[in-house]
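Novice: Those protein sequences? They're chains A and B, same order as listed.
So for the first sequence, numbering that gives the first Met the number 0 puts the first residue at 0; every next one is plus one.
So for the second sequence, numbering that gives the first Met the number 0 puts the first residue at 0; every next one is plus one.
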Amino acid sequence: MNIDFYERIWMWAAGVIIAVFIAVIGLSTVAYGLHPPSHVETIEPSKVFTDPRFSKLGQPVELPDGTIEVQMAALMFSFAPNEVRVPAGRRVRFRLTSADVTHGFMISGTNANTMLVPGYISQFTTVFTRPGDYLIVCHEFCGNGHHIMSGRLIVEDAK
Amino acid sequence: MTATGAIAPGPDGNGIDTFARLALANIGVAIAAFGVASAMAIMQALSRANLDLPFRSAGMYYMSVTAHGTLMAIVFTTFFIMGFGYVVARHALGAALAMRRTAWLSFWIAVLGTVAAVAVILAGKATVLYTFYPPLKAHPAFYIGLTLVVVGSWGWALVMLRALRVWRLANPGRRIPLSVYGYAATIIVWLLATIGVAAEMLLQLIPWSLGWWATVDPVLARMLFWWFGHPLVYFWLLPAYVVWYGLLPPAAGGKLFSEPLGRVVFAMFVLLSTPVGFHHQFMDPGVSSSWKLFHTFNTLLILYPSFVTAFTIVASLEIAGRMRGGRGVFGWIRRLPWGNPLVSSVILSMLLFAIGGWGGAINASFGMNAVIHNTSWVPGHFHTTVGSASALTFMGTCYLVVPQLLGRRLELVPMARVQPWLWFLGMLLFSIPTHLTGLTGMPRRVFDPRYGDHPTAVSWHWLTNLSAVGGMVLFASALFFVLVMLFTLFGPRVPAEPIEFSEPLEDPGTKGAFLDRLGLLTALAAALIVIAYGYPIWQHLQMPRFGSPGFSPF
Numbered sequence: 000m001n002i003d004f005y006e007r008i009w010m011w012a013a014g015v016i017i018a019v020f021i022a023v024i025g026l027s028t029v030a031y032g033l034h035p036p037s038h039v040e041t042i043e044p045s046k047v048f049t050d051p052r053f054s055k056l057g058q059p060v061e062l063p064d065g066t067i068e069v070q071m072a073a074l075m076f077s078f079a080p081n082e083v084r085v086p087a088g089r090r091v092r093f094r095l096t097s098a099d100v101t102h103g104f105m106i107s108g109t110n111a112n113t114m115l116v117p118g119y120i121s122q123f124t125t126v127f128t129r130p131g132d133y134l135i136v137c138h139e140f141c142g143n144g145h146h147i148m149s150g151r152l153i154v155e156d157a158k
Numbered sequence: 000m001t002a003t004g005a006i007a008p009g010p011d012g013n014g015i016d017t018f019a020r021l022a023l024a025n026i027g028v029a030i031a032a033f034g035v036a037s038a039m040a041i042m043q044a045l046s047r048a049n050l051d052l053p054f055r056s057a058g059m060y061y062m063s064v065t066a067h068g069t070l071m072a073i074v075f076t077t078f079f080i081m082g083f084g085y086v087v088a089r090h091a092l093g094a095a096l097a098m099r100r101t102a103w104l105s106f107w108i109a110v111l112g113t114v115a116a117v118a119v120i121l122a123g124k125a126t127v128l129y130t131f132y133p134p135l136k137a138h139p140a141f142y143i144g145l146t147l148v149v150v151g152s153w154g155w156a157l158v159m160l161r162a163l164r165v166w167r168l169a170n171p172g173r174r175i176p177l178s179v180y181g182y183a184a185t186i187i188v189w190l191l192a193t194i195g196v197a198a199e200m201l202l203q204l205i206p207w208s209l210g211w212w213a214t215v216d217p218v219l220a221r222m223l224f225w226w227f228g229h230p231l232v233y234f235w236l237l238p239a240y241v242v243w244y245g246l247l248p249p250a251a252g253g254k255l256f257s258e259p260l261g262r263v264v265f266a267m268f269v270l271l272s273t274p275v276g277f278h279h280q281f282m283d284p285g286v287s288s289s290w291k292l293f294h295t296f297n298t299l300l301i302l303y304p305s306f307v308t309a310f311t312i313v314a315s316l317e318i319a320g321r322m323r324g325g326r327g328v329f330g331w332i333r334r335l336p337w338g339n340p341l342v343s344s345v346i347l348s349m350l351l352f353a354i355g356g357w358g359g360a361i362n363a364s365f366g367m368n369a370v371i372h373n374t375s376w377v378p379g380h381f382h383t384t385v386g387s388a389s390a391l392t393f394m395g396t397c398y399l400v401v402p403q404l405l406g407r408r409l410e411l412v413p414m415a416r417v418q419p420w421l422w423f424l425g426m427l428l429f430s431i432p433t434h435l436t437g438l439t440g441m442p443r444r445v446f447d448p449r450y451g452d453h454p455t456a457v458s459w460h461w462l463t464n465l466s467a468v469g470g471m472v473l474f475a476s477a478l479f480f481v482l483v484m485l486f487t488l489f490g491p492r493v494p495a496e497p498i499e500f501s502e503p504l505e506d507p508g509t510k511g512a513f514l515d516r517l518g519l520l521t522a523l524a525a526a527l528i529v530i531a532y533g534y535p536i537w538q539h540l541q542m543p544r545f546g547s548p549g550f551s552p553f
């Protein structure tokens, strides 16, 4: 094909931009282990509140490696528990699920974000560096009370 | 591609032949849906602004979000695309266009489906939003209605593909006209995409909503939905690109800069539209990390054809500006025929799409996606993409095509000239604040974002008020568009001007002829889907899973 000079430059430039995008994501995946968030584990949604994996709702548990585990369940239209306290600067592992419809979980102003799909357990680990009072919101439409479904995360100064 | 082609007057003496009638019928339904959906939108914008209006309630709000999404994203787009498809085929393929009865039957099936789905939405029995994620459960008529819309679109696709085949047999060795090539790409994308949603509807949601099955697997439903949901955006976008490549250059008074690259663009969309859907599920449990990564790379690759399009279209506009006597580095811009509402609509839609496109690259990067997933950033994003690149281009196209099909004069021309600018201004005012609130974690689709006046929520107030102002400007623009169309319907009769499609700067000859092998392209695209979806779904089905019963909390 006979391609115009400027067009050729543009095609190369566009190709390079996309190659850089892919390289950044590819390298961060390989070198820093930054994979897309994912956790594959199932649970019977009608038995969330009797399942031993969610027996510590509302009581953060310290795991042997020092990580704090927070278990939460979502149901129309609240989180159980809807207020969580964690220390700043520690690894916190969230384990969450839904007991009814699909909900969302986001700690506003952070990148703590996951879908809560009934029948599946969501899990991610994060560190909160700044103490403060964070708003937790449900971000997936779950019914007419969707906008009242929220909670608070209190990140306490680690003494 | 063929030069200016007059459309032969039809056999029924009115100067309107049956495919013009079909085009008008489809575009008419699209405009009606657009009007109703716009009325829903203004209410949502005001609701977000925390104004205490009469009749304001959560139930009304979520119902109206469902109606707005379904009518805009499914009904307006699909019917417009079908109608404009007939216009393109009628112009370029002429006598090859047949199967009149199939075409009308398909139209009425899609209309019936629309009426059924909209009726149960307005009755408050299907407030599940246009993504209808189970286990939220709507009235069965919602799922059956939407399925009928898709079935109708399949009938339309059959009529279009048959015409293309007949034309190719009658014109051996001739290149497929670029606009038809773009439409063929649209149809292939659509047929491959709708396999996913058809499976979700027929194997999961319809039997479950009818009570035949007790439970559904919501993650499987989400996989099947997004198999459809992302190529759906290219189904919206490719007909807009057909306008940009096919109608814009002659309307601006120029020529198409590079025809073969246009084909490369459409072919790339055929290949890459579907194996990208997991980027909507980055935050989902139950989907493996490596498949999310595979879809990420495909998503970034699909930026490429849009980059190339940006160059080709701007270069074509420059040719037009210079042919009209524009000089200097930027002088050609002023010489463009800004008074032509098609030209201004398309240029403004491209500017908005530039914002939306870069936002899309952010959404595709899973690290940044974690910050904005399901926040108001997402509606901010898709209003600058489908709500601008597609919707504003479609409105601009109506100003050209509807008077031509009706054989009437475009009425209220000053209003038609202002309308694209209002849309542009309204969309900036609406979408920039919406992007910003999303960055600080305001969820999308919430009736009332006050959250007990938590400081984070308080910081959103001025921005949601600003976006409500944008919503009002957009509503005014929508009203202008609908009024222009209504007045044109009853305007004075004039002899129909032929619709001009682009002439390329250079004849493509046989350059890139291999791209015209649509069967091969389809097979390659299908193979990519089998890899990108076949394996993850098979893997998913091996897992012990627990279904969910339905809930209707609305």
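We treat Cβ as the ideally placed atom computed from N, Cα and C, and that holds for glycine.
This one's a predicted model, so the numbers in the text were calculated from it and none came from an experiment.
(1) With a cut-off of 8 angstroms on the beta carbons, I'd call Tyr26 of chain B and Phe79 of chain B a contact; round off their distance for me.
(2) Determine the burial state of Gln58 of chain A: buried for a count of at least 16 other Cβ atoms within 10 Å of its Cβ, exposed for fewer.
(3) Mind checking Lys291 of chain B: buried by the 16 CB within 10 Å criterion, or exposed?
(4) Can you give me the C-alpha to C-alpha distance between Asn297 of chain B and Leu485 of chain B, rounded to a whole angstrom?
(5) Please work out which residues of its chain come closer than 7 angstroms, Cβ to Cβ, to Thr295 of chain B, disregarding the five sequence neighbours upstream and downstream, and give them in chain order.
(6) What are the residues of the stretch 264–289 of chain B that lie near chain A, defined by any Cβ-Cβ distance shorter than 7 angstroms?
(7) Listing by chain order, which chain A residues have their CB less than 7 angstroms from the CB of Asp515 of chain B?
(8) When you compare the CB of Thr101 of chain A with every CB in chain B, is at least one pair closer than 9 angstroms?
(9) Rounding to the nearest angstrom, what Cα-Cα distance links Ser501 of chain B and Pro548 of chain B in this structure?
(10) Please classify Met190 of chain A: is it buried, with 16 or more other beta-carbons within 10 angstroms of its beta-carbon, or exposed?
(11) Please check if any C-beta of chain B sits within less than 9 angstroms of the C-beta of Pro44 of chain A.
(12) Once the 5 residues before and after Gln122 of chain A are set aside, which same chain residues still bring their CB inside 6 angstroms of it?
(13) Need the endpoints of the beta strand (DSSP E) that Val67 of chain A sits in, please.
(14) Go to Met222 of chain B, then tell me how far its alpha helix (DSSP H) extends in each direction, as first and last residue.
(15) For Ser37 of chain B, collect the residues of the same chain with a Cβ closer than 7 angstroms to its Cβ; drop the 5 residues on either side in sequence, then sort them by chain order.
(16) When you check each C-beta in the stretch 366–400 of chain B against every C-beta of chain A, which residues fall closer than 8 angstroms?
(17) Give the single residue among B:Thr374, B:Leu411, B:Gly245, B:Leu160 whose Cα lies nearest to the Cα of Leu435 of chain B.
(18) Going by beta carbon distance, what residues of the same chain come within less than 7 angstroms of Arg334 of chain B, once the five residues before and after it are set aside?
(19) I need the DSSP call for Arg408 of chain B, collapsed to helix, strand or coil.
(20) Quick check: is the beta carbon of Asn13 of chain B nearer than 9 angstroms to any beta carbon in chain A?
(21) Can you tell me where the beta strand (DSSP E) holding Ile126 of chain A begins and where it ends?
(22) Check whether the Cβ of Val445 of chain B lies closer than 9 angstroms to any Cβ atom in chain A.
(23) When the distance is taken between beta carbons, is Ala44 of chain B closer than 9 angstroms to Ala467 of chain B?
(24) By Cβ distance below 6 angstroms, which residues in the same chain neighbour Asn159 of chain A in space, the five residues on each side in sequence not counted?
(25) Given this structure, state the Cα-to-Cα distance separating Ala109 of chain B from Leu350 of chain B, to the nearest angstrom.
(26) Identify whether Val39 of chain A lies in helix, strand or coil by the three-state DSSP scheme.
(27) List, in chain order, every chain B residue whose beta-carbon is nearer than 9 angstroms to that of Val83 of chain A.
(28) Pull out every residue of the stretch 439–467 of chain B whose Cβ sits closer than 9 angstroms to any Cβ of chain A, in chain order.
(29) Determine whether the beta carbon atoms of Ile175 of chain B and Tyr244 of chain B lie at a separation below 9 angstroms.
(30) Please report the straight-line C-alpha distance between Gly144 of chain A and Ser105 of chain B, rounded to a whole angstrom.
(31) If Ala556 of chain B and Gly144 of chain B are in contact, beta carbons under 8 angstroms, what's the gap, nearest whole angstrom?
(32) What does DSSP give as the partner residues of Thr295 of chain B in its beta bridges?
(33) Can we say the stretch 428–444 of chain B touches the stretch 493–507 of chain B, given the rule of at least three CB pairs closer than 8 angstroms?
(34) So, is Gly261 of chain B buried or exposed, given that buried needs 16 or more other C-beta atoms within 10 angstroms?
(35) Count the CB pairs spanning the stretch 203–213 of chain B and the stretch 126–137 of chain B that are closer than 8 angstroms, and state whether there are at least three.
(36) Going by alpha carbons, who is nearest to Arg407 of chain B out of B:Ala495, B:Trp357, B:Ala22?
Specialist: According to the structure shown:
(1) Mapped onto the second sequence, residue 26 of chain B falls at position 27. Mapped onto the second sequence, residue 79 of chain B falls at position 80. In the sequence under discussion, the amino acid at residue 26 of chain B is Ile, which differs from the Tyr named in the question. Yes, Ile26 of chain B and Phe79 of chain B are in contact; Cβ-Cβ is about 6 angstroms, under 8 angstroms.
(2) Within the first sequence, the letter at position 59 stands for residue 58 of chain A. The residue in question, Gln58 of chain A, is exposed, as its Cβ has fewer than 16 Cβ neighbours within 10 Å.
(3) In the second sequence, counting from the first residue as 1, residue 291 of chain B sits at position 292. Buried, because 16 or more other Cβ atoms sit within 10 Å of the Cβ of Lys291 of chain B.
(4) Position 298 of the second sequence, counted from the first residue, corresponds to residue 297 of chain B. Position 486 of the second sequence, counted from the first residue, corresponds to residue 485 of chain B. Straight-line Cα distance between these residues: approximately 43 angstroms.
(5) Here residue 295 of chain B refers to the residue found at position 296 of the second sequence. Contacts found: His278, Ala363, Phe365.
(6) Phe281, Met282, Asp283, Pro284, Gly285, Val286, Ser287, Ser288
(7) Position 516 of the second sequence, counted from the start, is the residue given in the question as residue 515 of chain B. Per Cβ cutoff of 7 angstroms: no residues; Asp515 of chain B is ~14 angstroms from chain A at best.
(8) What you label residue 101 of chain A is simply residue 102 of the first sequence in a count that begins at 1. Yes, its Cβ sits closer than 9 angstroms to a Cβ of chain B.
(9) As a first step, residue 501 of chain B must be located in the second sequence, where it is residue number 502. As a first step, residue 548 of chain B must be located in the second sequence, where it is residue number 549. Using only the alpha carbons, I get a separation of about 54 angstroms.
(10) Look at the range of chain A in this structure, 0 to 158, and you will see that residue 190 of chain A is not part of it.
(11) Walking along the first sequence from the start, residue 44 of chain A turns up at place 45. Yes - at least one Cβ of chain B is within 9 angstroms of the one on Pro44 of chain A.
(12) What you label residue 122 of chain A is simply residue 123 of the first sequence in a count that begins at 1. So the qualifying residues of the chain are His38, Arg94.
(13) The sequence position of residue 67 of chain A within the first sequence is 68, counting from 1. It should be noted that the sequence gives Ile, not Val, for residue 67 of chain A. Taken as a continuous stretch (DSSP letters only), the beta strand (DSSP E) holding Ile67 of chain A covers 67–74.
(14) By 1-based counting over the second sequence, the position of residue 222 of chain B is 223. Note, Met222 of chain B: alpha helix (DSSP H), 217–245.
(15) As a working mapping, residue 37 of chain B is identified with position 38 in the second sequence. Cβ within range, chain order: Phe474, Ala477.
(16) Gly366, Ala369, Val370, His372, Asn373, Thr374
(17) Sequence index remark: in the second sequence, residue 435 of chain B carries index 436 (1-based). Comparing Cα positions, the closest option is B:Thr374.
(18) In the second sequence, residue 334 of chain B corresponds to position 335, counting from 1. Only Gly320, Arg323, Gly324, Gly325 meet the Cβ criterion.
(19) Position 409 of the second sequence, counting from 1, holds the residue named residue 408 of chain B. Coil, per DSSP.
(20) Working through the second sequence from its first residue, we reach residue 13 of chain B at position 14. Low per-residue confidence applies at Asn13 of chain B: pLDDT is 42, beneath 50, and the placement is therefore not dependable, though the value from the model is reported in the following sentence. No, Asn13 of chain B lies away from the interface with chain A (no Cβ there is under 9 angstroms from its Cβ).
(21) Position 127 of the first sequence, counted from the first residue, corresponds to residue 126 of chain A. Per the sequence shown, the amino acid found at residue 126 of chain A is Val instead of Ile. Taken as a continuous stretch (DSSP letters only), the beta strand (DSSP E) holding Val126 of chain A covers 121–126.
(22) As a position in the second sequence, residue 445 of chain B is number 446, starting the count at 1. Chain A contact via Cβ: present.
(23) Locating residue 467 of chain B in the second sequence gives position 468, counting from the first residue. Locating residue 44 of chain B in the second sequence gives position 45, counting from the first residue. Yes.
(24) Beyond the ends of chain A as shown, which are 0 and 158, falls residue 159 of chain A; an answer cannot be given.
(25) By one-based count along the second sequence, residue 109 of chain B stands at place 110. By one-based count along the second sequence, residue 350 of chain B stands at place 351. Each residue's Cα considered, the two are about 33 angstroms apart.
(26) As a working note, residue 39 of chain A is residue 40 in the first sequence. DSSP places Val39 of chain A in coil when its eight states are reduced to three.
(27) Here the question's residue 83 of chain A lines up with position 84 in the first sequence. Neighbours of Val83 of chain A on chain B: none; closest Cβ ~15 angstroms, over 9 angstroms.
(28) Thr439, Gly440, Met441, Pro442, Arg443, Arg444, Val445, Phe446, Asp447, Pro448, Arg449, Tyr450, Gly451, His453, Pro454, Thr455, Ala456
(29) As a first step, residue 175 of chain B is located in the second sequence; it is residue number 176 there, counting from the start. As a first step, residue 244 of chain B is located in the second sequence; it is residue number 245 there, counting from the start. No, Cβ-Cβ distance for Ile175 of chain B and Tyr244 of chain B is not below 9 angstroms.
(30) For the purposes of this step, residue 144 of chain A is identified with residue 145 of the first sequence, where counting begins at 1. For the purposes of this step, residue 105 of chain B is identified with residue 106 of the second sequence, where counting begins at 1. C-alpha separation (whole angstroms): 39 angstroms.
(31) Lying before the first or after the last residue shown, residue 556 of chain B is absent from chain B, which here runs from 0 to 553.
(32) On the second sequence, position 296 is the one that residue 295 of chain B refers to. BP columns for Thr295 of chain B are empty, so no partner.
(33) no
(34) Indexing the second sequence from 1 puts residue 261 of chain B at position 262. Gly261 of chain B is buried by the Cβ-count criterion.
(35) yes
(36) Counted from its first residue, the second sequence places residue 407 of chain B at position 408. It is B:Ala495.
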